[in-house]
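**Student:** The structure's right below; bear with me while I get my questions together.
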Amino acid sequence: MRHQKLLDAVTDGVERVDDLARELGVSPSTVRRGLTDLEQAGRVVRTHGGAVPAPVGGELSWVQKGRQNAPAKRRIAERAAEMIEDDHMVLLDAGSTTAFIAERLAGRSGPTVLTTGTGPMSALLDAEGIELILVGGRLRRRRGAMVGEYVRGVLERVSADIAFLGADGLVPGRGINCPSPELAAVKELQTRAARRTVVVADSSKIGADAEPHWALIPGPYTLITDDGLDAAARRAIEDDPHCTPLIVPAPEAPRTPGRTG
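Spelled out as structure tokens, the structure:
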């Protein structure tokens, strides 16, 4: 199979391995090998069950990020939503996992949600039981995130019960890895504006430090992640005296039909 045909299909919006196999008339295993080669070449980003085109300039959009490890992110979001009381004011950072948290709040009544992200905003637009406060500012479109001095002006004047922060990477003892200093600044502002800070990051993010900027976490924080952690990531979390981990079960990989035990 020519990799260009596979890349063209992914670019055209065909994402799942089974759909790509049908589209190209090849086996799923051939598609998986091709996607692995394309990922190594930096042309696609693998997701749970398929792939999406690699972003221009190396930065994923929040929609693309939402497709990566989505089952684990949903488990993390479920656990995060359990921490929210009906009388809480909640800060939701921009990001895919925080958008999943917002989805789980949409049927609730009582909490006030203040968000810097278009993902959480979209999830709560029709949630009549939620008082939704949007932080204005300059929109960083790929991330669906508000940044800049308008954001600072709001976050310096609120006091929330709990803030949920997303992460491109988390290095325990150092902070949250970010693709821009503006995004890092907003995360730091949210930690200072809330009585409790919770980082929501799937296991692939722990120890990741590919981006050039950092948001520092000034005090104790809770980390909600999944149990796909490798040994090094577990040690790093355990060695950080400021981190209280909440580890949720990672979703089981789907079984291949016809295979047993």
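So in the UniProt record's numbering, spot 108 of the sequence shown is number 108, and the numbers just go up one at a time.
Where a beta carbon is used, it is the ideal one built from N, C-alpha and C, also for glycine.
Note that this is a predicted model, so its numbers are computed, not measured.
Using three-state DSSP, classify P212 as helix, strand or coil.
**Tutor:** In this structure, P212 counts as coil in the three-state DSSP scheme.
**Student:** Within the same chain, show all residues whose beta-carbon is closer than 7 angstroms to that of E188, passing over the 5 residues directly before and after it, in chain order.
**Tutor:** Once the five neighbours on either side are set aside, the close Cβ partners of E188 are A215, L216.
**Student:** Enumerate, from N- to C-terminal direction, the unbroken alpha helix (DSSP H) stretches of 4 or more residues contained entirely within the UniProt domain "HTH deoR-type" (1-53).
**Tutor:** Within the UniProt domain "HTH deoR-type" (1-53), the complete alpha helix (DSSP H) runs of at least 4 residues are 3-11, 17-24, 28-40.
**Student:** Answer with buried or exposed for L155, where buried requires no fewer than 16 other C-beta atoms within 10 angstroms of its C-beta.
**Tutor:** Result: buried.
**Student:** Note down, in chain order, each residue of its chain lying with its Cβ closer than 8 angstroms to the Cβ of T244, except the 5 sequence neighbours on either side.
**Tutor:** Around T244: P220, Y221, T222, L223.
**Student:** Report all residues from its chain with a CB closer than 7 angstroms to the CB of E211; omit the five preceding and five following residues, and keep chain order.
**Tutor:** Closer than 7 angstroms at Cβ, skipping near neighbours: D168, G169, N177, C178, P179.
**Student:** What number of angstroms, rounded off, separates the C-alpha of V248 from the C-alpha of D239?
**Tutor:** Their backbone Cα atoms lie some 19 angstroms apart in a straight line.
**Student:** Report the option in G144, L20, L91 whose CA atom is closest to the CA atom of R195.
**Tutor:** Looking at the Cα atoms, L91 is the closest of the given residues.
**Student:** For G258, count the other beta carbons within 10 Å of its own beta carbon; 16 or more makes it buried, fewer makes it exposed. Which is it?
**Tutor:** Unreliable positioning characterises G258 in this predicted model, as indicated by a pLDDT of 44, which lies under 50. The coordinate reading is nonetheless provided below. Exposed, because fewer than 16 other Cβ atoms sit within 10 Å of the Cβ of G258.
**Student:** Given a threshold of 16 other Cβ atoms within 10 Å of its Cβ, counted over all protein chains shown, does T191 qualify as buried or as exposed?
**Tutor:** T191 comes out buried.
**Student:** Determine the extent of the alpha helix (DSSP H) in which T191 is found, giving its start and end residues.
**Tutor:** Looking at the DSSP string, the run of the alpha helix (DSSP H) that includes T191 is 181-193.
**Student:** Less than 8 angstroms separating the beta-carbons of I84 and V200?
**Tutor:** Not a contact, by the Cβ cut-off of 8 angstroms.
**Student:** What does the alpha-carbon distance come out to for the pair Y150 and A160?
**Tutor:** About 18 angstroms.
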